[in-house]
């Protein structure tokens, strides 16, 4: 197997190049025919969709095949080879198989897991079969690709994988509210026009946002996504495209931003987001908690735009229920340093005061106190006084005045890796950020991640199985030729025996013939089984050559067997395809 893929897709080329390189049906037919007519290729299939143009071929030389397929793509697309080359990708042998299987499963689609690609692969194969450009390898490859894609969709939730990530992120932003209710009427900015951004835009349109603005480095791609959204006909949703340099201005107007680009640096910094929400935060009224009259007098009804109220000192509070007679203490409390401040108090009284501060009660009868224990407690308390200058637990601390964060005026969903939005945005008042890291924490073992990983494992397993089957099939004509040669030898020797022993009856001749055939079969069984096993392993292609050399098999005989198998398989596949149609 010398499978080669040369192509370009939404992952490798801008939309402007994809649009110029788009192939009409007639161009696809001509490209497939010209590929087979070229020297390095014997089979070819063209897979052309709105997001990709790929040419699959069975070639006998890698470098010559890459050069020829690239040239043919440029000629039939109308885009110059020099311009097209930077956007082309090349996959060979097992990597080419892996690529097609990933495409069939939707892993390489703009919308992860979309099933439309399966129909496009089937149509491409059918076209190649009609043109007779698909032989054994292309038929086996594309048929298996279709089976792998169907298996991925039936055994996993890959259909929901991309949508789940967007939807789950929006659910996190909505903080428990219904996503459609939360999103309805918002202005949304989508940064990027790739698969995830496209899905986010479509999801937001269905959720009922008022306006969707698409920003992308390639303005044409943003316009194209706007056209798709407009064509979907979602009611009451307007969409427009803007260049990337307009993002800062658009963020100031947006209530929701979704970003998923391939940028290596930040698209939105904390400073730009802070500037965008400046002046949009509502003023906040903070009321003092009950029981703190002095604080309430200073702060009740005050308006603090986007800032926190200075908290009162925790040493100021009420004296209700305090077990100590604070009025008898000169200066209103323990403010003098040294042991003299507590010299006349027993440890139990001090303990009762500490428990009161902690909203607890202590019954002095619960345990006895010795002079030694009292002395240790008083010494420790005196040491505290020397350091701080006062005993801090003189009154019950006032409850801390908590100023709630204002409701977010800007919600940010960052689906890029590496991140598009500065993580420091988490600390900004009035802003809620959900990114890949927080989604991973909130959805450990989430089904979308598990589904994608499971599909990747399916693809890897199927690639290995396909490679083994192809390598084993490669040696089958040689094994068949070997057994044919052995049968000819047996027939020749039986004929010679008849000349030497003409008196043998039919029963005797039959027994001798059967015995000789059994001997030959037993001698060939172990080597042929073992050579098939070895040939199925990576690097096993050389065993067919070794078998032909050891038994001096005629290469033309092997080729004839292979051609006969191809014709039989082709007729069978055509019949199956007609039956499915």
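In my numbering, the protein residues as written are 72 to 652.
The beta-carbon is built from N, C-alpha and C at its ideal position, and this holds for glycine as well.
Could you check which residue in 193, 289 and 226 has the C-alpha nearest to that of residue 214? Sequence index remark: in the chain shown, residue 214 carries index 143 (1-based). The shortest C-alpha separation from residue 214 is found at 193.
Whole alpha helix (DSSP H) elements within the region 196 to 225, 4-residue minimum: none
Any C-beta of chain B under 7 Å from that of residue 561: Absent here is chain B; the protein component of the structure consists of one chain.
Beta-carbon contacts of residue 614 that lie in its chain and below 8 Å, excluding the five residues immediately before and after: Locating residue 614 in the chain shown gives position 543, counting from the first residue. Cβ neighbours of residue 614 beyond the five flanking positions: 546, 602, 605 and 606.
Would you give the residue range spanned by the alpha helix (DSSP H) that residue 162 belongs to? Reading the chain shown from its first residue, position 91 is the one you call residue 162. Segment 160 to 163 is the beta strand (DSSP E) holding residue 162; no alpha helix (DSSP H) there.
Would you tell me roughly how many angstroms separate the C-alpha atoms of residue 584 and residue 555, rounded to the nearest one? Along the chain shown, one-based indexing puts residue 584 at 513. Along the chain shown, one-based indexing puts residue 555 at 484. Going by the C-alpha atoms only, they are around 16 Å apart.
Indicate whether the contact test is met: 3 or more Cβ pairs, each with one atom in the region 281 to 292 and one in the region 254 to 265, closer than 8 Å. yes
In three-state DSSP terms, what is residue 626? Taking the first residue of the chain shown as 1, we reach residue 626 at position 555. Reduced to three states, the DSSP call for residue 626 is helix.
Taking the alpha-carbon of residue 494 as reference, which of 278, 342 and 548 has the nearest alpha-carbon? Position 423 of the chain shown holds residue 494. Residue 342 is the option with its Cα nearest to residue 494.
Three CB pairs or more closer than 8 Å across the region 151 to 163 and the region 187 to 202: no
Count the other CB atoms within 10 Å of the CB of residue 503; is the residue buried (16 or more) or exposed (fewer)? By 1-based counting over the chain shown, the position of residue 503 is 432. So residue 503 ends up on the buried side.
Can the beta-carbon of residue 139 be found closer than 7 Å to that of residue 205? As a working mapping, residue 139 is identified with position 68 in the chain shown. As a working mapping, residue 205 is identified with position 134 in the chain shown. In this structure, residue 205 does not lie closer than 7 Å to residue 139 by Cβ.
Look at the Cβ atom of residue 134, then the Cβ atom of residue 76, and state whether they are nearer than 7 Å. Residue 134 sits at position 63 when you count from the first residue of the chain shown. Residue 76 sits at position 5 when you count from the first residue of the chain shown. Contact flag unset, no.
Between the Cα of residue 276 and the Cα atoms of 96, 292, 256 and 335, which residue gives the shortest distance? The residue you call residue 276 lines up with position 205 of the chain shown. The candidate whose alpha carbon is nearest that of residue 276 is 256.
Taking all protein chains shown into account, decide if residue 498 is buried (16 or more other Cβ within 10 angstroms of its Cβ) or exposed. For the purposes of this step, residue 498 is taken as the residue at position 427 of the chain shown. With fewer than 16 other Cβ atoms within 10 Å, it is exposed.
Give the straight-line distance between the Cα atoms of residue 544 and residue 127, rounded to the nearest whole angstrom. Residue mapping note: residue 544 aligns to position 473 of the chain shown, counting from 1. Residue mapping note: residue 127 aligns to position 56 of the chain shown, counting from 1. Cα to Cα, residue 544 sits roughly 20 Å from residue 127.
Put residue 530 into one of helix, strand or coil per three-state DSSP. Taking the first residue of the chain shown as position 1, residue 530 is located at position 459. It is helical.
Just mark residue 312 as buried or exposed, buried being the case when its beta carbon has 16 or more other beta carbons within 10 Å. Here residue 312 is taken as the residue at index 241 of the chain shown, counted from 1. The residue is buried, with at least 16 neighbouring Cβ atoms inside 10 Å.
With respect to the beta strand (DSSP E) encompassing residue 492, which residues constitute its N-terminal and C-terminal limits? Taking the first residue of the chain shown as position 1, residue 492 is located at position 421. Neither: residue 492 is in no beta strand (DSSP E) and is coded neither H nor E.
Is the beta carbon of residue 348 closer than 7 Å to that of residue 321? Within the chain shown, the letter at position 250 stands for residue 321. Within the chain shown, the letter at position 277 stands for residue 348. Going by C-beta atoms, residue 321 is not nearer than 7 Å to residue 348.
Mark residue 167 as exposed unless 16 or more other C-beta atoms lie within 10 angstroms of its C-beta, in which case mark it buried. Stepping through the chain shown from its first residue, residue 167 is reached at position 96. With 16 or more Cβ atoms within 10 Å of its Cβ, residue 167 is classed as buried.
Could you tell me whether the Cβ atoms of residue 174 and residue 533 are closer together than 7 Å? Numbered from 1 along the chain shown, position 103 holds the residue referred to as residue 174. Numbered from 1 along the chain shown, position 462 holds the residue referred to as residue 533. For residue 174 and residue 533, no; Cβs fall outside 7 Å.
Between the region 136 to 155 and the region 104 to 121, are three or more C-beta pairs nearer than 8 Å? yes
Terminal residues of the continuous beta strand (DSSP E) containing residue 125? Numbered from 1 along the chain shown, position 54 holds the residue referred to as residue 125. That run of the beta strand (DSSP E) goes 123 to 130.
Short of 6 Å in beta carbon distance, which residues of its chain neighbour residue 237, apart from the five on each side in sequence? Order them along the chain. Here residue 237 refers to the residue found at position 166 of the chain shown. Cβ neighbours of residue 237 beyond the five flanking positions: 270, 271 and 274.
Residue 280 beta carbon less than 7 Å from that of residue 259: Counted from its first residue, the chain shown places residue 259 at position 188. Counted from its first residue, the chain shown places residue 280 at position 209. Yes, the Cβ-Cβ distance between residue 259 and residue 280 is below 7 Å.
Taking DSSP's pairing of strands, which residues face residue 330 in a bridge? Counted from its first residue, the chain shown places residue 330 at position 259. DSSP output for residue 330 lists 262 and 485 as bridge partner(s).
Neighbour-count burial assignment, residue 379, 16 or more Cβ in a 10 Å radius: For the purposes of this step, residue 379 is taken as residue 308 along the chain shown, with counting starting at 1. Annotation note: pLDDT 45 at residue 379 (below 50); position unreliable, coordinate value reported separately. Result: exposed.
Residue 268 and residue 491 closer than 7 Å at C-beta: As a working note, residue 268 is residue 197 in the chain shown. As a working note, residue 491 is residue 420 in the chain shown. Against a cut-off of 7 Å, the Cβ pair of residue 491 and residue 268 comes out as no contact.
By the three-class DSSP mapping on this structure, what secondary structure does residue 500 have? Here residue 500 refers to the residue found at position 429 when the chain shown is read from its first residue. Residue 500 falls in the coil class under three-state DSSP.
Whole angstroms is fine: what's the gap from residue 121's alpha carbon to residue 216's? For the purposes of this step, residue 121 is taken as residue 50 along the chain shown, with counting starting at 1. For the purposes of this step, residue 216 is taken as residue 145 along the chain shown, with counting starting at 1. Looking at the two C-alpha atoms, the distance is approximately 20 Å.
Can you tell me the Cα-Cα spacing of residue 655 and residue 352, whole angstroms? Because residue 655 is not part of the residues shown, which for the chain are 72 to 652, the question remains open.
Can you give me the Cβ contacts of residue 402 inside the same chain, cut-off strictly under 7 Å, excluding the 5 residues immediately before and after it? The count along the chain shown starts at 1 and reaches residue 402 at position 331. With a pLDDT of 45 at residue 402, under the threshold of 50, the predicted position of this residue should be treated as unreliable, and no value is reported.
Give a yes or no on whether the C-beta atoms belonging to residue 180 and residue 188 are separated by under 7 Å. What you label residue 180 is simply residue 109 of the chain shown in a count that begins at 1. What you label residue 188 is simply residue 117 of the chain shown in a count that begins at 1. In contact: residue 180 and residue 188 (Cβ atoms closer than 7 Å).
Using only the alpha-carbon positions, how far apart do residue 328 and residue 157 sit? Here residue 328 refers to the residue found at position 257 of the chain shown. Here residue 157 refers to the residue found at position 86 of the chain shown. Going from the Cα of residue 328 to the Cα of residue 157 covers about 32 Å.
Per DSSP, what are the beta-bridge partners of residue 230 in this structure? Position 159 of the chain shown, counting from 1, holds the residue named residue 230. Answer by DSSP bridge pairing: none, since residue 230 is not bridged.
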